[in-house]
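This report concerns only the one structure given below.
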Amino acid sequence: MVGLGHGAIWAALIFGALILLVMVATLLQRRTMARGRDTAKTRVLVSKLIVQSRFFNYHVVASN
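So the sequence shown is residues 1 to 64, counted in the working numbering.
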């Protein structure tokens, strides 16, 4: 029971951190779009973050 609670806490921390990262990435993307720069690199970073967040979520669920 203790291990399950511990896993849930880690899952919440990782999830919260990833949400913050995605928010920062979207803000940066909006800023670069306003400047008229190429946002291809930012889009690649955002897609990588999304893939990593899915991997972390599956990993945490599997470890529990």
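Note that beta-carbon positions come from the ideal geometry of N, C-alpha and C, so glycine has one too.
Which listed residue (the options) has its alpha carbon closest to that of residue i
i     : options                       : result
Phe56 : Gly5, Ile14 and Ala25         : Ile14
Leu49 : Leu27, Val22, Arg31 and Lys41 : Val22
Arg43 : Gln52, Ser53 and Gln29        : Gln29
Arg54 : Lys41, Leu27, Arg31 and Leu18 : Leu18
Sequence-distant residues of its chain with Cβ nearer than 8 Å to residue i (five each side left out)
i     : result
Leu45 : Ala25
Gly5  : none
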